[in-house]
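A short write-up of the structure that comes next.
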Ligand SMILES: *[C@@H]1O[C@H](CO)[C@@H](O)[C@H](O)[C@H]1NC(C)=O
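Residue numbers (the numbering used here): 74 to 358.
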């Protein structure tokens, strides 16, 4: 602003001098006076000498004004340099931030990839586990079915109602225990008196024989036509009791039944004195 005022002041002085010369000329003092009158706003003239001094001051003021421009320029240059430096720094920071951002983006992408991989792994494992659970469930179902297959047990006595003597006969005849007490698995047939093994395993069989009125009483367990054990009682007393039993290893389809011992007589009524029982102890492979 100071510089601008000086330039305008000098320009006006110059124009004035040129004009005076064109108009007929002024001596130096007159010119100075003229200039002083222009400058008179700040330094009102009192004498001619003062005017001259004032004029000199004005020139000095303006001469001093020029270095101010350079100073301003220097200042400006310094500011610009500073700004450039700051700009460089900012650019560097932005570049750094961009680099960080790139790295972060890469990390995020990587993490997303990891998560996807984990999800896939988890899904695979879950479906595997589900299959295992399903197979276990099926296994349980199979076990339940196997257990159901193992439910084999029966007991039967000779007569369903009333009382009955059987025998004596000269040969061994198969007894039909008609009064079924238990027949889980239906492996015992009350019409034929024959038990047929539904699966391979160890079975327990027992018989109880009861006779009356002095005639011997006896019966035997048979497996596939072969005698296994006999229960027999023979004495003069009124009641005759005997029993026997055996654990038998049976294949599927093997048959077990009871035959009345020859020349003996047995008796039964609602008290179920004569019984035939059997059950699976455990299956075998
Ligand atoms: C034989 O067993 C029957 C039960 O079946 C019983 O009533 C009777 O007293 C027993 N007889 C003897 C001599 O033990």
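The C-beta atom is built at its ideal place from N, Cα and C for all residues, glycine as well. These numbers were taken from a predicted model, which means no experiment stands behind them.
- With distances taken between CA atoms, residue 318 lies nearest to 329 out of 329, 308, 312.
- Between residue 212 and residue 271, the alpha-carbon positions lie close to 21 Å from each other.
- Of all C-beta pairs linking the stretch 212-228 to the stretch 321-335, fewer than three are shorter than 8 Å, placing the two stretches out of contact.
- Residue 226 and residue 341 have their alpha carbons spaced roughly 22 Å apart.
- Here residue 279 is not near residue 263, since their CB atoms are 8 Å or more apart.
- Judged by DSSP in its simplified three-state form, residue 281 adopts strand.
- Note on geometry: alpha-carbon atoms of residue 201 and residue 348 lie some 54 Å from one another.
- DSSP, reduced to helix, strand and coil, places residue 206 within a helical segment of the structure shown.
- Secondary structure note for residue 242: it is in no beta strand (DSSP E), with a DSSP letter that is neither H nor E.
- Residue 239 places its beta carbon 8 Å or farther from that of residue 282.
- DSSP, read as helix, strand or coil, puts residue 179 in helix.
- Between residue 274 and residue 356, the C-beta spacing is below 8 Å.
- Selection 252, 170, 315 evaluated against residue 302 yields 315 as nearest (Cα-Cα).
- Going down the chain, each residue whose beta-carbon is closer than 5 Å to a heavy atom of ligand 1 shows up: 283, 312, 314, 346.
- Under the three-state reduction of DSSP, residue 302 is assigned to strand.
- Residue 266 and residue 292 have their alpha carbons spaced roughly 13 Å apart.
- Residue environment for residue 228: buried (at least 16 other C-beta atoms within 10 angstroms of its C-beta).
- In this structure, residue 323 keeps its C-beta atom at 8 Å or more from the C-beta atom of residue 261.
- In terms of CA proximity to residue 335, 246 leads the group 296, 246, 206, 307.
- The DSSP-derived three-state label of residue 167 is helix.
- When the beta-carbon positions are compared, residue 244 and residue 288 stay at least 8 Å from each other.
- Cα atoms of residue 174 and residue 155: separation of roughly 28 Å, rounded to the nearest angstrom.
- Proximity to residue 321 across 285, 307, 268, 346 peaks at 268, based on C-alpha coordinates.
- Residue 198 and residue 220 have their C-alpha atoms some 32 Å from each other.
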